[in-house]
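Below is one structure, written out as structure tokens, with a few remarks after it.
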Amino acid sequence: MELHIMTATACEQLANHYKSLSRESGISPERASLLMNIGKSFTGLATQLDRLAALMRDEARAG
Numbered sequence: 000m001e002l003h004i005m006t007a008t009a010c011e012q013l014a015n016h017y018k019s020l021s022r023e024s025g026i027s028p029e030r031a032s033l034l035m036n037i038g039k040s041f042t043g044l045a046t047q048l049d050r051l052a053a054l055m056r057d058e059a060r061a062g
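The sequence shown: position 23 = 22 (numbering that gives the first Met the number 0), numbered continuously.
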């Protein structure tokens, strides 16, 4: 199995994509809700990845 490193930018792009899908006309409220929640999850992951990157930079500077 090949691992792919997820970046904060990629997560933000996916979040925007899923949130956009949730606003399409003609889909059920349940589908819209699930798509929006997936988008929010990717937004949260992007935030966590940004925080991790900042912490790692700070730790590297501290030696």
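For glycine and all other residues, C-beta sits at the position ideal for the given N, C-alpha and C.
DSSP places Leu54 in the uninterrupted alpha helix (DSSP H) bounded by Pro28 to Ala61. Membership of Thr8 in the alpha helix (DSSP H) is indicated by the continuous run Ala7 to Ser21.
With a cutoff of 8 Å on beta-carbon distance, Ser21 and Ala31 are scored as near each other.
Sequence-distant partners of Leu48 (beyond 5 residues in either direction) whose C-beta falls short of 8 Å from its own C-beta, in its chain, are Met5, Thr6, Ala7 and Cys10.
By the Cβ test, the region 39-47 is in contact with the region 12-20, since at least three Cβ pairs between them sit closer than 8 Å.
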